[in-house]
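Visitor: Following this message is one structure expressed as structure tokens.
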Amino acid sequence: MRGETGPGGGARSRAGGAGLAAALAATAVLAAGPASPASGAKARTPPLRFFRVARAAIGIAVSFHGDGGPGCASTGRCGFSGTEQFTLKGPPFSLSGVGGGLAFVANDLVFIELVGGTTASTVAQVGVAQPCTDRAASSATLIGLPAGAHRVRLSVGLPASLGARELQTLAPGLAGDPFASHCAGPRFTDLLLAKAFPLASYRRRHFRGARTRLHLDGRRTFHEAGFAGTVSTSAHLTLRKVKNEKQVTASG
């Protein structure tokens, strides 16, 4: 049953291939940082390695309530409490690219779009007898950015280290908000700003084989946008290398 839109609610955002490409390009630029002075050497475009997500089991559970503070009162979010649950199991339509190598550290990133999930929300409000409930198809994005000379750091969505302005600008260009709902509650950007998702660190060579397994698990608290609570993340994926992007979409 779909409830009424409450504070923090809004229309769902679904991005297609264009949004994915735009987010990928923007993330690469931000990861690269300021351009270095011209050295006479011609810059080379790093190659992309493409993967199909053969298996995925992902669960992201959010339990929240109005924080009772000034932020809660000013946004009208006091008196709300509930849960948001994103779930995805099986072989989704998805794309992963690992670009560059040790010679192109700034452009060595991982981008995984996961489509085919479901988000369920149940939110109660003080003084309202009937809770708001919502259930709909949704999607999520995992991104890994360089961490030092030999590692990649993977998380859900864009890493909070990019800063609030970059997160708010780029988040809508990803594969959609896995917590978009007609019910009140924290949204994806709120949880990114609160650093509510765990990180997993992998060696870059981990992504160079024919098959790659990824695991991302953790439980964190958050306090953002008038809401407080916990986020429990469990993500387990198997990637299989393919020759090009066409094989990714054809096998998805």
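Take 1031 as the starting number for the sequence shown in this note's numbering and just add one per residue.
Glycine included, every Cβ here is placed at the ideal spot set by N, Cα and C.
Quantities reported herein were computed from a predicted structural model and do not represent experimental measurements.
Mapping the DSSP letters down to three states, classify leucine 1229 as helix, strand or coil.
Guide: Correct three-state label for leucine 1229: coil.
Visitor: Tell me which same chain residues have a C-beta within less than 6 angstroms of the C-beta of alanine 1150, skipping the five on either side of it?
Guide: Counting only Cβ-Cβ distances below 6 angstroms, and skipping sequence neighbours, we find Gln1115 and Arg1165.
Visitor: Given a threshold of 16 other Cβ atoms within 10 Å of its Cβ, counted over all protein chains shown, does proline 1208 qualify as buried or as exposed?
Guide: Result: buried.
Visitor: Nearest to threonine 1263 by CA position, among Pro1161, Leu1172, Arg1107 and Gln1160, is which residue?
Guide: When each option's Cα is compared against that of threonine 1263, the closest is Leu1172.
Visitor: Please go through the same chain and pick out, in chain order, the residues whose beta-carbon is closer than 6 angstroms to the beta-carbon of threonine 1251, but skip the five residues on each side of it.
Guide: Only Thr1260 meet the Cβ criterion.
Visitor: Between the alpha carbons of leucine 1246 and leucine 1229, how many angstroms are there, rounded?
Guide: Spanning the two alpha carbons is a distance of roughly 7 angstroms.
Visitor: List the DSSP bridge partners of arginine 1238.
Guide: None; arginine 1238 has no bridge partner.
Visitor: Considering just the uninterrupted stretch of the alpha helix (DSSP H) at leucine 1222, what are its terminal residues?
Guide: That run of the alpha helix (DSSP H) goes 1218-1223.
Visitor: What is the rounded straight-line gap between the Cα of glycine 1130 and the Cα of leucine 1269?
Guide: Only weak support is given to the placement of glycine 1130: the predicted model assigns it a pLDDT of 36, under 50, and the value that follows is read from those uncertain coordinates. Their backbone Cα atoms lie some 18 angstroms apart in a straight line.
Visitor: Put alanine 1103 into one of helix, strand or coil per three-state DSSP.
Guide: Note: alanine 1103 maps to helix in three-state DSSP.
Visitor: Starting from the C-beta of phenylalanine 1257, find all residues in its chain whose C-beta is less than 8 angstroms away, skip the five residues before and the five after it, and write them out in chain order.
Guide: Excluding sequence neighbours, phenylalanine 1257 sits near Gly1038, Phe1094, His1095, Gly1096, Asp1097, Cys1102, Arg1107, Phe1110, Gly1215, Pro1216 and Asp1220.
Visitor: Which residue wins for smallest C-alpha separation from threonine 1148, given the options Gly1248, His1253 and Gly1089?
Guide: Closest option to threonine 1148, Cα to Cα, is Gly1089.
Visitor: What residues are listed by DSSP as bridge partners for alanine 1087?
Guide: For alanine 1087, which the question treats as bridged, DSSP gives the partners Lys1119 and His1266.
Visitor: Determine the direct distance from the alpha carbon of threonine 1113 to that of phenylalanine 1227, and round the result to whole angstroms.
Guide: Cα-Cα distance, rounded: 16 angstroms.
Visitor: How big is the Cα-Cα spacing for alanine 1177 and arginine 1085?
Guide: Rounded to whole angstroms, alanine 1177 to arginine 1085 spans 26 angstroms at the Cα level.
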